[in-house]
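Q: Got a structure here, written out as structure tokens. Questions coming.
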Amino acid sequence: KHPVTWYILLFTCSFQYHLLHFTSNKWFFFSFANRHKRRFAPLNISRGPNDFPATLKMFLQLLFVAAALAASGTGQRITTIQLDGVQYFISRMNPYSPELNYFLAYQYCRSIGLQLASFETKEKSDSIMQYLINAGYNKYDFWTSGNRLGTDMLIWMSTGLPFNATFDYMKKNPGEEMPVARQLGAVEQRKDSGASSGCVLLRAPDLQWDINDCTDIKDFICEQTRCYYYNYGSIPVSSAQG
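The numbering used here numbers the first residue of the sequence shown as 29 and each following residue consecutively.
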């Protein structure tokens, strides 16, 4: 969405397929498709003091412009906040971040080295909700990693943990005495465990948890990836072993 992205992309694609190689008094064309054969096809371009190949000149110009834009700070940047020791990426805070469906939001978080946010504790949930309200972001819905896809139990997709039964911020439906996630240990009988009503978001304006169609386009919250230590016992094997 920013010119620097297109400059870098154009330069990279062009440079990948065409490289001018200078040796002796001639310019040579090198094709990466023949990288294993190392074939060089000479171009009939004489090297003179004022005869600089136009293609290489374009490459250098694009590289200069891209470097200048990046150095000036006008390129895309990812802004995160740190809240109670956890780093969050809030899509609404970043002008280059689009609204996405649940699946693409999950993929987007992973592509920037983060994960879709999970709220396993009351303290963590309270702090992010309070921040969003104070920052004026409670006008928007935000995807979390919560879902019940293919199952009747609500889990946090990023961690694999079930919803904590000690607290419940699930939005109460009209005429419902108890929110649907009140007793998380019990299996809820549902006819549909698919995307139409399978993903959990923070619903505006109070930012309570709510079940929503996973294909709806929403804002989302990413968090820093957890670091775990697993004490696995590895058995050395070879590919010939079955």
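From the three backbone atoms N, C-alpha and C, an ideal C-beta is built for every residue, glycine too.
#1: Hey, could you find the ends of the beta strand (DSSP E) residue 173 is sitting in?
#2: Keeping to the same chain, check which residues put their C-beta closer than 8 Å to that of residue 111; ignore five residues upstream and five downstream.
#3: Could you confirm whether any beta carbon from chain D is found closer than 8 Å to the beta carbon of residue 108?
#4: Indicate the three-state DSSP secondary structure (helix, strand or coil) for residue 147 in the structure shown.
#5: List the endpoints of the continuous beta strand (DSSP E) containing residue 138.
#6: Using three-state DSSP, classify residue 116 as helix, strand or coil.
#7: Please look up how many angstroms separate the CB atoms of residue 146 and residue 184, rounded, as I've assumed it's under 8 Å.
#8: For residue 233 versus residue 166, is the C-beta distance shorter than 8 Å?
#9: Just confirm the distance between the C-beta atoms of residue 227 and residue 130, as a whole number of angstroms; I'd bet it's less than 8 Å.
#10: So what's residue 160 in DSSP terms, helix, strand or just coil?
#11: Using the C-alpha atoms, what's the distance from residue 264 back to residue 121?
A: Answer, in terms of the structure:
#1: One-based indexing of the sequence shown puts residue 173 at position 145. First-last of the beta strand (DSSP E) with residue 173: 170–175.
#2: By one-based count along the sequence shown, residue 111 stands at place 83. Annotation for residue 111: 155, 156 and 159 place their beta carbon closer than 8 Å to its own, counting only its chain and skipping 5 residues before and after.
#3: Looking for chain D here will not work: only one protein chain is present.
#4: As a working mapping, residue 147 is identified with position 119 in the sequence shown. In the three-state reduction of the DSSP assignment, residue 147 falls in the coil class, being assigned neither a helical nor a strand state.
#5: Residue mapping note: residue 138 aligns to position 110 of the sequence shown, counting from 1. Taken as a continuous stretch (DSSP letters only), residue 138 belongs to no beta strand (DSSP E), being part of the alpha helix (DSSP H) at 130–139.
#6: On the sequence shown, position 88 is the one that residue 116 refers to. DSSP places residue 116 in strand when its eight states are reduced to three.
#7: On the sequence shown, position 118 is the one that residue 146 refers to. On the sequence shown, position 156 is the one that residue 184 refers to. Right, the Cβ-Cβ distance comes to about 4 Å (below 8 Å), so this counts as a contact.
#8: Mapped onto the sequence shown, residue 233 falls at position 205. Mapped onto the sequence shown, residue 166 falls at position 138. Yes, the Cβ-Cβ distance between residue 233 and residue 166 is below 8 Å.
#9: Sequence index remark: in the sequence shown, residue 227 carries index 199 (1-based). Sequence index remark: in the sequence shown, residue 130 carries index 102 (1-based). Beta-carbon to beta-carbon, residue 227 and residue 130 are separated by about 4 Å, close enough to satisfy the 8 Å threshold.
#10: Within the sequence shown, residue 160 is the residue found at index 132, counting from 1. It is helical.
#11: For the purposes of this step, residue 121 is taken as the residue at position 93 of the sequence shown. For the purposes of this step, residue 264 is taken as the residue at position 236 of the sequence shown. Taking the straight line joining both Cα atoms gives about 47 Å.
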